[in-house]
Amino acid sequence: MSIHTIEQALFEIASGPARAAQYKQDPQVFLAAYPLSDQEKTLILSMDVYEMIARSANPMLVMRAFTAVEGRERLPEYLRRLRQRDDIEQE
Numbered sequence: 000m001s002i003h004t005i006e007q008a009l010f011e012i013a014s015g016p017a018r019a020a021q022y023k024q025d026p027q028v029f030l031a032a033y034p035l036s037d038q039e040k041t042l043i044l045s046m047d048v049y050e051m052i053a054r055s056a057n058p059m060l061v062m063r064a065f066t067a068v069e070g071r072e073r074l075p076e077y078l079r080r081l082r083q084r085d086d087i088e089q090e
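Residue numbering for the sequence shown follows numbering that gives the first Met the number 0, beginning at 0 and increasing consecutively.
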């Protein structure tokens with residue numbers, strides 16, 4: 000598993016509206032350009048921001064990719080996903 004490759008894919012997704020649109024149009028085809036394991040693809044496809052950061056992905060890069068795909072108005076959802084895991088672990 001390579002966090003570097005995950006970060007490369009996230010960087011491309013976040014690099015501009017055209018690349019984000021390509022990802023959104025067909026995420027599987029977009030990610031096929033990267034040597035990602037099925038598990039890594041699933042992390043990106045599901046935008047499992049908590050797990051990507053837990054595996055040492057740059058938090059700002061993860062946030063940028065999330066907002067590129069989901070939109071800035073969904074930033075509260077990004078934060079909820081981060082907190083949700085912490086809430087589960089504290090129970």
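For every residue, glycine included, the Cβ atom is placed at its ideal position computed from N, Cα and C. Note that the structure is predicted; figures quoted are calculated from it, not measured.
| Asked | Found |
| --- | --- |
| With C-beta atoms as the reference, is Tyr49 less than 7 Å away from Phe65? | no |
| Spatial neighbours of Leu42 within its chain, please: CB distance less than 6 Å, with the 5 preceding and 5 following residues excluded, ordered by chain position. | Glu50 and Met51 |
| So, Thr4 versus Pro34, is the Cβ gap smaller than 7 Å? | yes |
| With DSSP collapsed to three states, give me the class of Ala19. | helix |
| Helix or strand or just coil, what does DSSP make of Pro75? | helix |
| Go ahead and pull the three-state DSSP assignment for Arg82. | helix |
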